[in-house]
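In the working numbering, the protein residues as written are 481 to 750. Report on one structure; see the data block that follows.
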C-alpha cells in the first residue's frame with residue numbers, strides 16, 4: 481500500500497489488528513528486513529497488535545525527495561504525518577540501526593504518543609566519525625563455505641556468526657533492501673559532514689530523561705554503532721531493559737535470531 485505524505489509516496493504494509501506497532505528498518509534496507517524478523521512472534525497473537533511496516537523514504541519502494549533537503553528531522557515529521565493520515569494515535573516503535581535513531585527522535589518529540597520502544601543496535605551518534613564503536617569478529621560454527629558474489633564481503637563485515645543459516649537470512653533480509661535504496665538520496669541525507677543526518681537536538685536527546693518503557697538489544701561486536709553509548713543512554717529511561725549479546729554484531733537479528741525473538745516475546749508479552 482502507498483500513502484502520499486507532503487507529496488511523497490510512502491510504501492507500507494499493515495498486518496493484524498490491535499495495539500499499533502510501527503517498524504523502522506536500518507539504513508539501505510527496507511520493511512522486509514523487519515517483517516521477516518518480527519512476524520513469527522507477533523503472528524502468534526494476531527489479535528493483540530497491529531503491525532505497521534514502513535519503507536523509509538529513499539529506501540525500499542518509498543519515494544525519494546530532493547526539493548526539501550533530506551534530513552532526519554524532516555523524516556520524523558513525515559513519519560508522524562503518515563501515522564496521522566492512517567489514523568494511528570498511540571503506538572509502539574521497533575527500530576533497527578538508523579530506524580532506531582528515528583524512533584528515538586519520534587519518542588523525544590512526541591512522548592505522549594509513544595507507548596514503548598524496542599531498539600536493536602540503534603544509532604545514537606549520527607556522525608560515524610564520532611561514535612564509540614566495538615571491534616568486529618567472525619565466528620564460523622559449521623563447515624559452510626560462503627558462495628563468492630558481490631555480497632560476500634559485506635556479509636563478513638556485518639555478521640558475526642558465519643554459517644549457512646545466517647547467510648540465508650542475510651540474503652533474504654538484507655540484499656533485497658540493498659538492491660532498492662536510492663544512493664543519491666542517502667548521499668544527500670549524509671552530506672555536509674552529516675549535518676542533516678544528525679538531529680538538531682541530538683545532544684538533548686542523549687541527555688533526555690523519560691519514563692517510556694524501552695528495550696535496548698545490542699551486539700558486543702558492533703563495529704557500526706557499538707554498544708557503550710546505548711548503554712549510557714538506557715540509564716536515562718526510568719524503566720529500561722538492556723541486553724548486550726556476546727556473539728552478535730550490527731546484524732544482531734541474524735546473528736542471534738532465537739535470542740532476538742525471545743526478547744521480542746518478553747517485551748511485548750507474546
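The C-beta atom is built at its ideal place from N, Cα and C for all residues, glycine as well.
Reduced DSSP secondary structure (H/G/I, E/B, other) of residue i
i, result
"residue 690", "strand"
"residue 750", "coil"
"residue 485", "strand"
"residue 731", "coil"
"residue 721", "strand"
"residue 608", "helix"
"residue 665", "helix"
"residue 492", "strand"
"residue 586", "helix"
"residue 697", "strand"
"residue 515", "helix"
"residue 594", "strand"
"residue 740", "helix"
"residue 660", "coil"
"residue 617", "coil"
"residue 713", "helix"
"residue 679", "coil"
"residue 707", "coil"
"residue 624", "coil"
Integer Cβ distance of residue i from residue j, believed to fall under 8 angstroms
i, j, result
"residue 551", "residue 669", "7 angstroms"
"residue 649", "residue 737", "7 angstroms"
"residue 725", "residue 522", "With 8 angstroms as the limit, residue 725 and residue 522 do not qualify as a contact, their Cβ atoms being about 21 angstroms apart."
"residue 605", "residue 711", "Not quite, the Cβ-Cβ distance comes to about 13 angstroms (not below 8 angstroms), so this is no contact."
"residue 602", "residue 585", "The Cβ separation is near 11 angstroms, so there is no contact."
"residue 744", "residue 598", "7 angstroms"
Identity of the residue in the options nearest residue i by Cα
i, options, result
"residue 529", "694, 604, 648, 573", "573"
"residue 564", "484, 747, 624", "484"
"residue 638", "706, 720, 502", "706"
"residue 626", "733, 641, 617, 616", "641"
"residue 516", "654, 621, 489", "654"
"residue 593", "569, 671, 487", "569"
"residue 729", "748, 744, 697, 711", "697"
"residue 622", "616, 602, 646", "646"
"residue 559", "660, 504, 734, 599", "504"
"residue 684", "599, 531, 571, 587", "587"
"residue 549", "666, 605, 567", "666"
"residue 466", "556, 575, 596, 630", "This structure cannot settle anything about residue 466, because the visible part of the chain is limited to 481 through 750."
"residue 486", "501, 556, 533", "556"
"residue 733", "721, 600, 581, 545", "600"
"residue 567", "682, 507, 500", "500"
"residue 751", "482, 657, 545, 743", "The question about residue 751 has no answer, for the chain in this structure spans 481 to 750."
"residue 578", "744, 507, 502, 745", "507"
"residue 488", "519, 554, 532", "554"
"residue 535", "671, 692, 662", "662"
Distance cut-off 7 angstroms: residue i Cβ against heavy atoms of the ligand COA
i, result
"residue 673", "As far as ligands go, the structure on display features none, and thus does not contain the ligand COA."
Chain C within 8 angstroms of residue i, Cβ atoms only
i, result
"residue 542", "The displayed structure is made up of one protein chain only, and chain C is not part of it."
Runs of alpha helix (DSSP H) wholly within the segment 523-583 (minimum 4 residues, chain order): If you keep only unbroken alpha helix (DSSP H) runs of at least 4 residues inside the segment 523-583, you get 552-565.
What ranges does the alpha helix (DSSP H) occupy inside the segment 628-654, keeping only unbroken runs of at least 4 residues that lie completely in it? DSSP runs (the alpha helix (DSSP H)) wholly in the segment 628-654: 632-638, 644-653.
Does the segment 603-610 come within contact of the segment 627-647, defined as at least 3 CB pairs closer than 8 angstroms? no
Is there contact between the segment 504-516 and the segment 538-546, where contact requires at least three CB pairs shorter than 8 angstroms? yes
Are there three or more Cβ pairs, one per stretch, closer than 8 angstroms when the segment 515-535 is compared with the segment 496-506? yes
Do the segment 661-679 and the segment 696-715 touch if we need at least three Cβ pairs shorter than 8 angstroms? Cβ pair count under 8 angstroms is below three, so no.
Between the segment 712-727 and the segment 686-694, can you find at least three pairs of beta-carbon atoms closer than 8 angstroms? A contact is defined here as three or more CB-CB pairs under 8 angstroms, and the segment 686-694 meets this definition with respect to the segment 712-727.
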